[in-house]
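Only one structure is covered here, and it is reproduced in the block below.
Residue numbers (the working numbering): 13 to 352.
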C-alpha cells in the first residue's frame with residue numbers, strides 16, 4: 013500500500029476513530045472513550061491524544077494508532093488503539109503508522125514509547141518488533157473475555173493476554189534500578205535488550221535503615237477490564253500486610269478478575285521489601301512498565317483470580333519474547349499466582 017497517506021487525525025474527524033473501532037470490534041473494544049467522538053476530540057485538542065491514520069487515495073481511512081500522554085511533561089508516551097481494516101491487513105499499514113508517530117515523538121524529545129500488543133496472535137507483536145521495539149513483559153488475562161478478536165489463537169471465550177513493548181527513541185538519563193533478587197536477572201535482560209534508561213544496582217544497608225514503616229499506595233480500577241492496579245508510591249515495611257488486605261477486598265468484595273501490583277524501580281525500598289516479602293505475597297512477575305502515578309518505570313507483578321490461562325493461546329514474535337513469556341508463566345506456576 014505505497015499510495016496510502018499517513019497523517020494525524022484532526023479533532024473534527026474524531027468520528028472516524030469511532031467508526032473504525034466499531035467496524036473491527038463492534039461494541040466490545042475495552043476502552044469506552046473510543047465510542048465517544050466528543051471525548052476523542054477533547055483529548056486531541058488537549059494534546060493528550062495524538063492519533064495517526066492511514067488514508068487511501070479514495071479518502072477511505074484504513075487504519076489508526078494513537079500516542080497517549082498521561083502528563084504534559086511525560087518523557088515516555090503510551091501507544092495503543094491500533095485498528096486496521098480487514099482489507100488493509102497484511103500490507104504493513106500498522107508499521108507505517110507507528111513509524112510516522114515514532115518519528116514525531118522523537119522530534120518532540122520523547123525518550124520512548126510503551127505499548128501493549130495482543131498476545132492472542134503474533135501480528136501486532138511482529139509489527140512492533142519490525143520497528144525495533146522489544147518486549148518488557150506479559151500481562152496475563154489483561155483483555156476481558158467480552159472482546160472479540162477473529163485472529164485469536166484461542167477458539168473459546170476467555171480473557172486474553174497482552175505483550176508489553178518499549179520502542180526507544182532517545183537515550184534516557186542514567187539512573188539506578190533496584191530490582192528484587194528473584195527477578196534481577198530478567199530485569200537486567202529487559203533493560204539491556206530494550207535500552208530502557210538506567211542500570212541495575214543493589215541497595216545498601218543505609219537504604220534499608222531509611223525505609224518507612226508504612227506504605228504509601230493507591231488503588232486504581234479499570235472497570236472495563238474488571239481488574240485493579242495497586243501502586244505502591246513508597247513501599248514501607250507493612251507492604252505485605254496492606255497489599256494482601258487490598259487484594260482480599262478487591263477480589264472478594266469487588267469481584268476483580270486480576271490484581272496487578274506496581275512498585276517503583278528507582279526506589280531501593282522496592283528491592284529490599286520484595287526480597288523480604290515476595291515469596292509470601294502470591295504475586296508473579298509480569299514485567300517492567302511505566303506507571304502514571306510513579307516517577308519512572310515500575311516492576312509490575314500480577315495476581316490472577318478468575319483467569320483461565322492456556323500457554324498455547326499466547327503468541328510471541330521474537331526469541332526474546334518467547335524467553336520472557338516462559339519466565340512469566342514459570343513464575344506464575346511457582347508462586348501460585350493463578351487462583352482461578
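Where is the CB? At the ideal position from N, CA and C, for every residue including glycine.
Checklist entry - How close, in whole Å, do the beta carbons of residue 251 and residue 271 come, if the pair is a contact with beta carbons under 8 Å? => result About 14 Å separates the two Cβ atoms, so there is no contact after all.
Item to check | alpha helix (DSSP H) segment containing residue 335, residue limits | outcome: For residue 335, the enclosing alpha helix (DSSP H) stretches over residues 331 to 347.
Checklist entry - How would you label residue 339, buried or exposed, when you count the other beta carbons within 10 angstroms and need 16 or more for buried? => result Burial is judged here by how many other beta carbons sit within 10 angstroms of a residue's own beta carbon; residue 339 has at least 16 and is buried.
Next on the checklist: Rounding to the nearest angstrom, what Cα-Cα distance links residue 171 and residue 109 in this structure?
Outcome noted: Roughly 28 Å between the two C-alpha positions.
Checklist entry - For residue 17, does the three-state DSSP call read helix, strand or coil? => result DSSP places residue 17 within a strand segment (E or B) once states are collapsed to three.
Next on the checklist: Buried or exposed for residue 180, going by 16 or more other Cβ atoms inside 10 Å?
Outcome noted: Under this definition residue 180 is a buried residue.
Item to check | C-alpha gap between residue 164 and residue 153, whole angstroms | outcome: With a pLDDT of only 48 at residue 164, under the threshold of 50, the placement of this residue in the model should not be trusted; the figure read from the coordinates follows. Using only the alpha carbons, I get a separation of about 14 Å.
Checklist entry - With respect to the alpha helix (DSSP H) encompassing residue 246, which residues constitute its N-terminal and C-terminal limits? => result Not the alpha helix (DSSP H): residue 246 falls in the beta strand (DSSP E), residues 239 to 246.
Item to check | Closest residue to residue 351 among 342, 319, 341, 327 (Cα-Cα distance) | outcome: Ranking 342, 319, 341, 327 by Cα distance to residue 351 puts 319 first.
Item to check | 6 Å Cβ shell around residue 161 - same chain, five flanking residues per side excluded | outcome: Bear in mind that the predicted position of residue 161 carries a pLDDT of just 49, short of 50, making it too unreliable to give a figure here.
Next on the checklist: Measuring straight from C-alpha to C-alpha, what distance separates residue 287 and residue 278?
Outcome noted: Whole-angstrom Cα-Cα distance: 15 Å.
Next on the checklist: Once DSSP output is grouped into helix, strand and coil, what is the label at residue 65?
Outcome noted: Here residue 65 sits in strand by DSSP.
Item to check | Contacting residues, own chain, Cβ-Cβ under 6 Å from residue 73 (five flanking each side not counted) | outcome: Correct list, in chain order: 28, 65, 67.
Next on the checklist: Assuming contact is defined by CB atoms lying nearer than 9 Å, are residue 155 and residue 237 in contact in what I supplied?
Outcome noted: Here residue 155 is near residue 237, since their CB atoms are less than 9 Å apart.
Checklist entry - Going straight from the alpha carbon of residue 151 to that of residue 175, what length do you get? => result Cα to Cα, residue 151 sits roughly 6 Å from residue 175.
Checklist entry - To the nearest angstrom, how far is it from the Cα of residue 213 to the Cα of residue 299? => result The alpha-carbon atoms of residue 213 and residue 299 are separated by roughly 18 Å.
Next on the checklist: Please give me, in chain order, every unbroken run of the alpha helix (DSSP H) with length at least 4 that falls completely inside the stretch 67 to 146.
Outcome noted: Runs of the alpha helix (DSSP H) inside the stretch 67 to 146: 105 to 119, 135 to 143.
Checklist entry - From this set, 289, 261, 78, which residue's C-alpha is nearest residue 129's C-alpha? => result Minimum Cα distance to residue 129 is reached at 78.
Checklist entry - Which whole runs of the beta strand (DSSP E) in the stretch 244 to 319 are 3 residues long or more, in chain order? => result Within the stretch 244 to 319, complete beta strand (DSSP E) segments of at least 3 residues are found at 270 to 276, 296 to 302, 309 to 316, given in chain order.
Next on the checklist: Taking the alpha helix (DSSP H) that residue 37 belongs to, which residues open and close that run?
Outcome noted: Start and end: 26 to 37.
Item to check | Opening and closing residue of the alpha helix (DSSP H) in which residue 201 lies | outcome: Residues 196 to 206.
Item to check | 6 Å CB neighbourhood of residue 330 in its chain, flanking five on each side removed | outcome: Cβ neighbours of residue 330 beyond the five flanking positions: 141.
Checklist entry - Looking only at its own chain, which residues have a Cβ that is under 8 Å from the Cβ of residue 167, when we skip the five neighbours before and after it? => result Summary for residue 167: the model assigns pLDDT 49, below 50, so the residue's position carries little reliability; its value from the coordinates is reported in the next sentence. Nothing meets the Cβ criterion.
Next on the checklist: With H, G and I counted as helix, E and B as strand and the rest as coil, what does DSSP make of residue 164?
Outcome noted: Annotation note: pLDDT 48 at residue 164 (below 50); position unreliable, coordinate value reported separately. Reduced to three states, the DSSP call for residue 164 is coil.
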